[in-house]
Amino acid sequence: MKKRKKGKEPDGMRWMLTYFDLITLLMIFFIVMYSMSQVDQNKYKQLSQSLKVAMGGGKTIIGTDNTPSVKDNVNQIDIPERDNGQTTSQTEQQKFQNLKKEVDQYLSKNGMSKSVSTSVDQRGLVVSINDTLFFDTGKADIKPNIKNKLIGIGKIVNQLGSAIRIEGHTDNVPISNGIYKSNWQLSSVRAANVTQFLQDKVGISPEKLTSVGYGQYRAITDNSTDVNKAKNRRVDIIIENSKFNDIDSNTANSQNNKK
Numbered sequence: 001m002k003k004r005k006k007g008k009e010p011d012g013m014r015w016m017l018t019y020f021d022l023i024t025l026l027m028i029f030f031i032v033m034y035s036m037s038q039v040d041q042n043k044y045k046q047l048s049q050s051l052k053v054a055m056g057g058g059k060t061i062i063g064t065d066n067t068p069s070v071k072d073n074v075n076q077i078d079i080p081e082r083d084n085g086q087t088t089s090q091t092e093q094q095k096f097q098n099l100k101k102e103v104d105q106y107l108s109k110n111g112m113s114k115s116v117s118t119s120v121d122q123r124g125l126v127v128s129i130n131d132t133l134f135f136d137t138g139k140a141d142i143k144p145n146i147k148n149k150l151i152g153i154g155k156i157v158n159q160l161g162s163a164i165r166i167e168g169h170t171d172n173v174p175i176s177n178g179i180y181k182s183n184w185q186l187s188s189v190r191a192a193n194v195t196q197f198l199q200d201k202v203g204i205s206p207e208k209l210t211s212v213g214y215g216q217y218r219a220i221t222d223n224s225t226d227v228n229k230a231k232n233r234r235v236d237i238i239i240e241n242s243k244f245n246d247i248d249s250n251t252a253n254s255q256n257n258k259k
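What follows is the structure, given as structure tokens:
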């Protein structure tokens, strides 16, 4: 009788290797999921118990007691509330109102209240000066007797350190003195002279000063009467609020980029 050849006995432990690999992969998966999410303690305990059962009642690698939560390891960061600019705007408006009162007191003390008016609008504080107070008819040179008073106004409005815009305006009566070709030119030279004076005599930084002439094209009332024409002939000193100045600066930069 022939003897059977003894074959190799199957390795009875080989299936255990596959089992342990599977358990290891599951553990890694749950550890990754745990680290990526905020832990619910109740669900975490249930998960640990399930792993313990799956591993034959042995101890789990992840302990169930004294396990720090993800929250505990994250430093709490205080995020400041976003400022929508409303508080800043209100504070700035209050400063302009206070400055207006100071200018009004100066005007009253120096007898200029009838020739100079003040107001606060969306541009900032506006000091509007009747042209006859500063200039002779059809001319752009500042009257010598008003220069000291203009210095006083300049020192007050420069307290905030804001940008200052000087605007020249006229009525619609054509100029015919042979010095200036148009009201536009006259208003521009007047505004430029006031701007230069504030820089030279008050010491306002030229970077904060702007001058522009509008002629008769920015009238505050119609030119139907002599009284209304007198109102339109003016120089406005505008202490600009930050929002209006930003718009003005962006417009200027845009125009420069087009050149």
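1 is the number of the first residue of the sequence shown in full-length UniProt numbering; add one for each residue after it.
Backbone N, C-alpha and C fix where the C-beta goes; we use that ideal spot for every residue, glycine too.
Everything numeric in this text was worked out from a predicted model, so none of it was measured.
Check                                                                                                                                                                 : Outcome
In whole angstroms, what separates the C-alpha of P174 from that of D141?                                                                                             : 19 Å
If we call anything under 7 Å between Cβ atoms a contact, is Q216 one with N148?                                                                                      : no
Which stretch, first to last residue, makes up the beta strand (DSSP E) that contains I151?                                                                           : I151 -> not in any beta strand (DSSP E); alpha helix (DSSP H) instead, spanning 147 to 157.
Could you pull out every unbroken beta strand (DSSP E) segment of at least 3 residues lying fully inside the stretch 80 to 140, listed in chain order?                : 116 to 121, 124 to 130
Can you have a look at I29 and say buried or exposed, based on whether 16 or more other CB atoms are within 10 angstroms of its CB?                                   : First, the residue type needs correcting, since residue 29 is Phe and not Ile in the sequence shown. The residue in question, F29, is exposed, as its Cβ has fewer than 16 Cβ neighbours within 10 Å.
Counting only the same chain and skipping the five closest in sequence on each side, list residues whose C-beta sits under 7 Å from that of K231.                     : I220, T221
Mapping the DSSP letters down to three states, classify S188 as helix, strand or coil.                                                                                : helix
Pick from I146, S117, W184, E92: whose alpha carbon is nearest that of R218?                                                                                          : W184
How big is the Cα-Cα spacing for S205 and I151?                                                                                                                       : 14 Å
Which of helix, strand or coil does DSSP assign to L160?                                                                                                              : coil
Under 7 Å, do D236 and S128 count as touching if we go by C-beta distance?                                                                                            : yes
Would DSSP call V194 helix, strand or coil?                                                                                                                           : helix
For the beta strand (DSSP E) that contains D236, what are its first and last residues?                                                                                : 234 to 240
Work out the CA separation of L26 and I62 for me, nearest whole Å.                                                                                                    : A caution first: I62 carries a pLDDT of 44, below 50, which makes its placement in the model too unreliable to give a value.
Evaluate F20 with the Cβ neighbour count: other Cβ atoms within 10 Å of its Cβ, from every protein chain shown; 16 or more gives buried, anything less gives exposed. : exposed
Quick one: measure Cβ to Cβ for G138 and I179, integer angstroms, because I've assumed they're closer than 8 Å.                                                       : 7 Å
Can you list, in chain order, the residues of its chain whose CB lies under 7 Å from that of N228, leaving out five sequence neighbours each side?                    : T221, D222
Is L133 near L99, with beta carbons less than 7 Å apart?                                                                                                              : no
Tell me where the beta strand (DSSP E) around T210 begins and ends.                                                                                                   : 209 to 213
Compute the distance between the beta-carbons of I164 and L107, then report whether it is under 7 Å.                                                                  : no
Measuring CA to CA, which of T170, G111, N241 is closest to L186?                                                                                                     : T170
Under the rule that 16 or more other beta-carbon atoms within 10 Å means buried, what is T195, buried or exposed?                                                     : buried
Do the CB positions of A191 and G213 come within less than 7 Å of each other?                                                                                         : yes
Mind checking residue 264: buried by the 16 CB within 10 Å criterion, or exposed?                                                                                     : No answer is possible for residue 264: the residues shown for the chain start at 1 and end at 259.
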